[in-house]
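The sequence shown: position 183 = 174 (the numbering used here), numbered continuously.
Heads up, the thing below is written out as structure tokens.
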Amino acid sequence: MFTTSTTSDQFAVSRSAPLASTGARQTKLWSSLSEVCQLMQVPVSHADDTVRFQHVQFRAGQRIYTIGQPFDMLYVVYSGFLKTVAIDESGNELVLGFPMKGDMFGIDGIHGKAYTSEVVALSTCDVILIPFKTLLTIGKASPDVEQAMWGAMGRELIREQRMISSIGSLGAEARVARFLMSLSDRFAEIGFSSKQFNLRMTRQEIGSYLGLTLETVSRTLSAFNALGLISVEQKTVTIHEPDSLKTLRRLPPSKHAARSAAKLAA
């Protein structure tokens, strides 16, 4: 039997400086190991529930960690929405993903002992802190839990790779359609409606993630709305034709474009 290294006193010593710099607020909520596994939807036969992990709350716009910050912690989203970003040589932000409930992030810091991306809250977020040393200690005592946790990390990487590979050869309309359906599937997985949800990210952030301009994303969403595939009301999206979005490759030509093509052919 062992206890987590994240008691309140030790937590304050090890994390007070980074948390103070981000403006995050420690909460009184703690989660047991089995609760964390359940949140991440990873099956374990036995989890030592004397191990507990603290929650920290971030407001929209606050950074959970920054590029180059020494790695010592993994994170699991308890509630809220975030974005993972990299910064290119020109200082431009490149969106890499949108962690949400049950997702683990911070994995990029394991190899080089420093985070290679930064994560920013898109809404008020409740994040569970998983000290990496504690995770290693758990693994030594419980191979079942260790395997489940490493499996969860692999799942996050595979999910990102699948999204990148699926949109790489697609046109703008198909990319936006795949993105909407990916969100729809994710919301269904965590118990929310797959047909109606809020886009916490901006059109520009969606464009950065998909390799598209802000104007292209806005124009495509408007076209989907006009065709009845979706409805868009500010940040709320309602999916009307999920099957059509799943198979969409490109939008049908507009009447104006069709008339222009007919004139050229005449």
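All residues carry an ideal CB built from backbone N, CA and C; glycine is no exception.
| query | What separation, rounded to the nearest whole angstrom, lies between the Cα atoms of LEU127 and ALA163? | reply | 43 Å
| task | Within its chain, find whatever has a CB closer than 6 Å to the CB of THR(-2); leave out the 5 residues flanking it on each side and keep chain order. | result | Reliability of the predicted coordinates at THR(-2) is poor, the pLDDT of 39 falling under 50, and the value obtained from them is presented with this limitation in mind. Around THR(-2): no qualifying Cβ.
| field | Span separating the alpha-carbon of ALA38 from that of LEU24 | value | 6 Å
| request: On a CA-only basis, which of PHE62, LEU174, THR229 is nearest LYS104? Give me that one, please. | output: PHE62
| message | So, for ASP0: in the same chain, excluding its five sequence neighbours on each side, which residues have a beta-carbon less than 8 Å away from its beta-carbon? | response | Caution is warranted here: a pLDDT of 35 is assigned to ASP0, below 50, making its placement in the model unreliable, and the coordinate value is therefore given only provisionally. So no residue of the chain qualifies.
| query | What's the C-alpha gap between SER160 and SER133? | reply | 43 Å
| said: Quick check on the burial criterion: 16 or more other C-beta atoms within 10 angstroms. Buried or exposed for LEU20? | reply: exposed
| message | Which same chain residues end up closer than 8 Å to GLY198 when comparing Cβ atoms and leaving out the 5 residues on each side of it in sequence? | response | THR204, LEU205, THR207, VAL208
| Going by the CB atoms, is the gap between GLN48 and ARG16 shorter than 8 Å? | yes
| request: Quick one: residues in its chain with C-beta nearer than 6 Å to the C-beta of LYS226, no 5 flanking neighbours on either side, listed in chain order? | output: ASN189, LEU190
| Three-state class that DSSP yields for GLN53 in the structure shown | coil
| GLU224 - DSSP class collapsed to helix/strand/coil | strand
| Is the CB-CB distance between ALA179 and VAL33 below 8 Å? | no
| message | Beta-carbon within less than 6 Å of VAL86's beta-carbon, same chain only, minus the 5 sequence neighbours each way: which residues are those? | response | LYS74, VAL76, GLU196, SER199, TYR200
| Given 8 Å, three or more beta-carbon pairs between the stretch 165 to 179 and the stretch 107 to 122 | no
| task | For the beta strand (DSSP E) holding PRO122, just list the boundary residues, first then last. | result | 116 to 122
| query | Pick from TYR69, ASP234, GLN60, GLU26: whose alpha carbon is nearest that of HIS41? | reply | Per the sequence shown, residue 41 should be read as Thr rather than His. Measuring from the Cα of THR41, the nearest candidate turns out to be GLU26.
| field | Pairwise C-alpha distance: ILE78 and SER108 | value | 8 Å
| query | Which residues mark the beginning and the end of the beta strand (DSSP E) in which ILE78 is found? | reply | 73 to 78
| In three-state terms, what does DSSP make of GLN32? | coil
| query | Are there 16 or more other CB atoms within 10 angstroms of the CB of LEU148, so buried, or fewer, so exposed? | reply | exposed
| field | Whole-Å CB distance - VAL111 paired with ARG177, under 8 Å assumed | value | Between ARG177 and VAL111 the Cβ distance is about 19 Å, and since that is not below 8 Å, they are no contact.
| message | So, with DSSP's three-state summary, where would you put ASN83? | response | coil
| query | Cα separation between GLY59 and TYR106? | reply | 5 Å
| Limits of the unbroken alpha helix (DSSP H) element including PHE183 | Careful: PHE183 lies outside any alpha helix (DSSP H) and carries neither H nor E.
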